[in-house]
Amino acid sequence: MQKITLARNLSFLRSENNYSQEELAAKIGVTRQSIAKWENGESLPDIIHCDALASLFDVSLDNFIHYDQKDSGFPIPPKGKHMFNTTPLEKGGYVQLPEKALKMVHMQEGDQFMVLGDENPESIGIALVPADFFTTMAQGILNDTKDIKK
């Protein structure tokens, strides 16, 4: 199974980045045949080449090796970005956030989020940012603005 996931991720990322097998091989110092075998699941790249590929494609090494696009329904995310699946909007506008997401931002019951929105049709959405982080970031922007006016 691991071989299939890695092969699928490699093939997807190479195509997404518009590299031919030859171009990708040259970038990481292997033959085109090696890339073809890795994409076909005939063999696996060693850890050094997996790391080089993950860095080149700006994805985490863990996601490069383990992320299953078929199971999640989403493409492999860039390094530092996460997709936690879908969640329904419940009565009264309530949303149950995935525990993994809350742990990632070190939030627990009682902590507060700043709710941000974008109504632009090309980027429409809602974002939740820990209130402490948002307040600190906003204060920094205000301080920078004061310094510019001086």
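Under my numbering, the residue at position 60 of the sequence shown is numbered 60, and the numbers go up by one with no gaps. Ideal Cβ positions, reconstructed from N, Cα and C, are used throughout, including at glycine. Just so we're clear, the structure is a prediction, and the values are computed from it rather than from any experiment.
(request) Kindly confirm or deny that the region 41-55 and the region 98-111 touch, where touching means at least three C-beta pairs closer than 8 Å. (result) no
(request) Just confirm the distance between the C-beta atoms of LEU13 and VAL59, as a whole number of angstroms; I'd bet it's less than 8 Å. (result) The residue labelled residue 13 in the question sits at position 13 within the sequence shown. The residue labelled residue 59 in the question sits at position 59 within the sequence shown. Going by Cβ atoms, the distance from LEU13 to VAL59 rounds to 7 Å, so yes, they are a contact pair.
(message) For ASP62, tell me which candidate among LYS70, GLY73, HIS82 has the shortest Cα-Cα distance.
(response) The count along the sequence shown starts at 1 and reaches residue 62 at position 62. Minimum Cα distance to ASP62 is reached at HIS82.
(message) My output table needs one value for PHE12: the three-state DSSP class, helix, strand or coil.
(response) As a working note, residue 12 is residue 12 in the sequence shown. In the structure shown, PHE12 sits in a helix (DSSP, three-state: H, G or I).
(request) Using the DSSP secondary-structure output, state which residues sit across from VAL129 in a beta bridge. (result) Residue numbering aside, residue 129 sits at position 129 when the sequence shown is read from its first letter. According to DSSP, VAL129 bridges with MET114.
(message) For a test of the three-state rule: what should DSSP assign to LEU89, helix, strand or coil?
(response) Working through the sequence shown from its first residue, we reach residue 89 at position 89. It is a strand residue.
(message) Please return the same chain residues whose Cβ sits closer than 7 Å to the Cβ of ALA127, not counting the five positions on each side in sequence.
(response) Residue mapping note: residue 127 aligns to position 127 of the sequence shown, counting from 1. Within the same chain, ALA127 has close Cβ partners LEU116.
(request) State the Cα-Cα distance for the pair MET137 and PHE113, rounded to the nearest angstrom. (result) As a working mapping, residue 137 is identified with position 137 in the sequence shown. As a working mapping, residue 113 is identified with position 113 in the sequence shown. Computed Cα separation, rounded: 14 Å.
(message) Is the separation between the beta-carbon of PHE74 and that of LEU10 shorter than 9 Å?
(response) Position 74 of the sequence shown, counting from 1, holds the residue named residue 74. Position 10 of the sequence shown, counting from 1, holds the residue named residue 10. Going by C-beta atoms, PHE74 is not nearer than 9 Å to LEU10.
(request) Would you list the residues sitting across from VAL95 in a DSSP beta bridge? (result) Translated into positions along the sequence shown, residue 95 becomes position 95. Answer is LEU89.
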